[in-house]
Amino acid sequence: MEALKKVNGWLMHKDMPVALIENGRITDILAEKHLPIYLKNYTDLESWLKTREVDPHRTNSRLLKKYLRLAQGAETDGVLHVNALALTDSFWIKQKDSTLTWENVQFKYNELADI
363 MEALKKVNGW
373 LMHKDMPVAL
383 IENGRITDIL
393 AEKHLPIYLK
403 NYTDLESWLK
413 TREVDPHRTN
423 SRLLKKYLRL
433 AQGAETDGVL
443 HVNALALTDS
453 FWIKQKDSTL
463 TWENVQFKYN
473 ELADI
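Structure, rendered in C-alpha coordinates:
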(Lines of atoms letter the chains of each structure in order from A; the text may use other names.)
(Lines give C-alpha, C1' and ligand atoms only; values in the text may rest on other atoms or scores of the structure.)
Protein backbone atom coordinates (compact mmCIF):
# COMPACT_ATOMS: atom_id res chain seq x y z
CA MET A 363 0.00 0.00 0.00
CA GLU A 364 1.56 3.26 -1.18
CA ALA A 365 -0.23 5.54 1.30
CA LEU A 366 1.20 3.61 4.25
CA LYS A 367 4.78 4.21 3.08
CA LYS A 368 4.15 7.94 3.54
CA VAL A 369 3.27 7.56 7.22
CA ASN A 370 5.98 9.10 9.39
CA GLY A 371 5.10 10.05 12.93
CA TRP A 372 3.66 8.31 15.95
CA LEU A 373 1.03 5.83 16.93
CA MET A 374 -0.83 7.70 19.64
CA HIS A 375 -3.03 6.70 22.59
CA LYS A 376 -5.02 9.88 23.06
CA ASP A 377 -2.19 12.45 23.39
CA MET A 378 0.53 9.97 24.34
CA PRO A 379 2.96 8.69 21.69
CA VAL A 380 3.26 4.92 22.09
CA ALA A 381 5.30 3.99 19.00
CA LEU A 382 7.45 5.71 16.39
CA ILE A 383 6.45 5.10 12.76
CA GLU A 384 8.88 5.61 9.90
CA ASN A 385 7.90 4.95 6.28
CA GLY A 386 4.84 3.01 7.38
CA ARG A 387 6.69 0.70 9.78
CA ILE A 388 6.88 0.71 13.56
CA THR A 389 10.53 1.33 14.34
CA ASP A 390 10.46 1.99 18.09
CA ILE A 391 8.06 1.20 20.92
CA LEU A 392 7.85 4.20 23.26
CA ALA A 393 5.21 3.04 25.76
CA GLU A 394 4.70 -0.71 25.54
CA LYS A 395 2.05 -0.88 28.26
CA HIS A 396 -0.16 1.48 26.21
CA LEU A 397 0.38 -0.29 22.88
CA PRO A 398 -2.69 -1.95 21.30
CA ILE A 399 -2.76 -5.66 22.17
CA TYR A 400 -2.57 -6.61 18.48
CA LEU A 401 0.68 -4.68 18.08
CA LYS A 402 2.18 -6.28 21.20
CA ASN A 403 1.98 -9.60 19.36
CA TYR A 404 2.55 -8.41 15.78
CA THR A 405 4.39 -5.20 14.92
CA ASP A 406 2.96 -5.12 11.39
CA LEU A 407 1.25 -1.74 11.13
CA GLU A 408 -0.47 -2.55 7.83
CA SER A 409 -2.18 -5.62 9.31
CA TRP A 410 -3.29 -3.61 12.34
CA LEU A 411 -4.77 -0.93 10.07
CA LYS A 412 -6.72 -3.62 8.20
CA THR A 413 -8.40 -4.56 11.52
CA ARG A 414 -9.66 -0.97 11.69
CA GLU A 415 -11.25 -0.91 8.23
CA VAL A 416 -14.97 -0.60 7.74
CA ASP A 417 -16.57 -3.71 6.24
CA PRO A 418 -16.69 -2.94 2.50
CA HIS A 419 -20.08 -4.64 2.17
CA ARG A 420 -21.84 -2.16 4.45
CA THR A 421 -23.92 0.52 2.73
CA ASN A 422 -22.35 3.30 4.75
CA SER A 423 -18.86 2.18 3.76
CA ARG A 424 -19.75 2.75 0.12
CA LEU A 425 -21.07 6.23 0.97
CA LEU A 426 -17.88 6.96 2.89
CA LYS A 427 -15.67 5.87 -0.02
CA LYS A 428 -17.70 8.00 -2.40
CA TYR A 429 -17.40 11.01 -0.10
CA LEU A 430 -13.63 10.53 0.24
CA ARG A 431 -13.25 9.76 -3.50
CA LEU A 432 -11.56 6.45 -2.75
CA ALA A 433 -11.37 3.58 -5.20
CA GLN A 434 -13.04 0.25 -4.48
CA GLY A 435 -10.64 -1.81 -2.35
CA ALA A 436 -8.96 1.28 -0.82
CA GLU A 437 -10.28 0.65 2.69
CA THR A 438 -6.91 1.20 4.37
CA ASP A 439 -6.59 4.57 2.62
CA GLY A 440 -9.89 5.48 4.26
CA VAL A 441 -8.54 4.44 7.64
CA LEU A 442 -5.51 6.68 7.12
CA HIS A 443 -7.79 9.57 6.08
CA VAL A 444 -9.18 9.60 9.63
CA ASN A 445 -5.74 9.14 11.21
CA ALA A 446 -6.47 5.42 11.81
CA LEU A 447 -9.01 6.35 14.46
CA ALA A 448 -11.72 3.80 15.30
CA LEU A 449 -14.93 4.14 17.27
CA THR A 450 -13.93 1.43 19.74
CA ASP A 451 -10.68 2.81 21.21
CA SER A 452 -8.46 5.88 21.47
CA PHE A 453 -5.54 4.96 19.20
CA TRP A 454 -4.66 7.08 16.18
CA ILE A 455 -1.74 8.05 13.97
CA LYS A 456 -0.15 11.48 14.11
CA GLN A 457 2.11 12.55 11.26
CA LYS A 458 5.40 14.28 12.23
CA ASP A 459 4.36 17.61 10.74
CA SER A 460 0.88 17.52 12.29
CA THR A 461 -0.36 19.79 15.06
CA LEU A 462 -3.44 17.64 15.68
CA THR A 463 -4.30 16.55 19.22
CA TRP A 464 -6.70 13.93 20.58
CA GLU A 465 -9.26 16.71 21.03
CA ASN A 466 -9.06 17.45 17.27
CA VAL A 467 -9.36 13.88 15.98
CA GLN A 468 -12.07 12.40 18.18
CA PHE A 469 -15.02 11.35 16.04
CA LYS A 470 -17.38 13.70 17.84
CA TYR A 471 -15.57 16.54 16.05
CA ASN A 472 -14.81 14.71 12.82
CA GLU A 473 -16.55 15.69 9.58
CA LEU A 474 -17.07 11.99 8.79
CA ALA A 475 -18.81 11.10 12.05
CA ASP A 476 -22.30 11.47 10.59
CA ILE A 477 -21.54 9.37 7.51
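Using this note's numbering, you'd call the opening residue of the sequence shown number 363 and step up by one each time.
Glycine included, every Cβ here is placed at the ideal spot set by N, Cα and C.
Residue L392 holds the alpha-carbon nearest to the alpha-carbon of L373 among T461, L392 and E364.
At least 8 Å separates the beta-carbon of T413 from that of Y429. DSSP lists no bridge partner for G386. Under the three-state reduction of DSSP, L366 is assigned to helix.
Within a 10 Å sphere around the beta-carbon of N445 sit 16 or more other beta-carbons, which makes this residue buried.
With respect to the 8 Å criterion, R387 and L407 are classified as neighbours on the basis of their beta carbons. In the structure shown, the three-state DSSP call for V380 is strand.
Contact between K456 and L462 holds, with the beta-carbon distance rounding to 6 Å and staying under 8 Å. When DSSP states are grouped into helix, strand and coil, L373 belongs to the strand group. Burial state of L442 is buried, judged by a 10 Å Cβ sphere holding 16 or more other Cβ atoms. The residues S452 and W464, in chain order, have a CB closer than 6 Å to that of K376 in the same chain once the five nearest residues on each side in sequence are set aside.
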